[in-house]
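Quick note, the working numbering runs 85 ahead of the 1-based positions in the sequence shown.
Beta carbons: idealized from backbone N, C-alpha and C, even for Gly.
Bear in mind the structure is a predicted one, so any value in this text is a computation, not a measurement.
Structure, as structure tokens:
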Amino acid sequence: MVGGTSDLKAPDETVMQVTASVRPAVEERLGKRFDIFQPVAYKSQVVAGRNFFVKGWFSTPVLDVYSVEDSIQDISRRTA
């Protein structure tokens with residue numbers, strides 16, 4: 086459905102690549118380096134492009150959610 090989000094899914098190759106590609110920008114924006122930066126689940130949304138909402142493990146066992154647009158121009162972080 087256009088505009089709505091998909092069901093929660095296990096990360097696929099695309100999500101793994103997108104997560105790896107935004108890691109440097111996330112680390113820079115948050116001002117810290119992560120030993121672990123691993124997606125564990127995601128939802129996607131089709132709007133004017135494709136958005137990914139990814140749950141992941143970072144450095145310590147804290148579950149966070151970050152939103153990544155295909156354009157990689159906007160990164161926002163929310164605690165789950």
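Distance, residue j Cα to residue i Cα
| i | j | result |
| --- | --- | --- |
| Met101 | Asp92 | 17 Å |
| Lys94 | Pro124 | 11 Å |
| Trp142 | Arg114 | 17 Å |
| Phe119 | Gly134 | 28 Å |
| Thr99 | Asn136 | 12 Å |
| Asp97 | Ala126 | 9 Å |
Contact check, residue i vs residue j, beta carbons under 8 Å
| i | j | result |
| --- | --- | --- |
| Thr90 | Lys128 | yes |
| Val132 | Gly88 | yes |
| Ile121 | Ser144 | yes |
Beta-carbon proximity list for residue i, same chain, < 7 Å, skipping 5 on both sides
| i | result |
| --- | --- |
| Arg108 | Phe122 |
| Glu112 | Arg118 and Phe119 |
| Ser156 | Residue confidence for Ser156 is low, a pLDDT of 39 falling below 50, so the modelled location carries little weight; the figure read from the coordinates is stated next. Within the same chain, Ser156 has close Cβ partners Gly134. |
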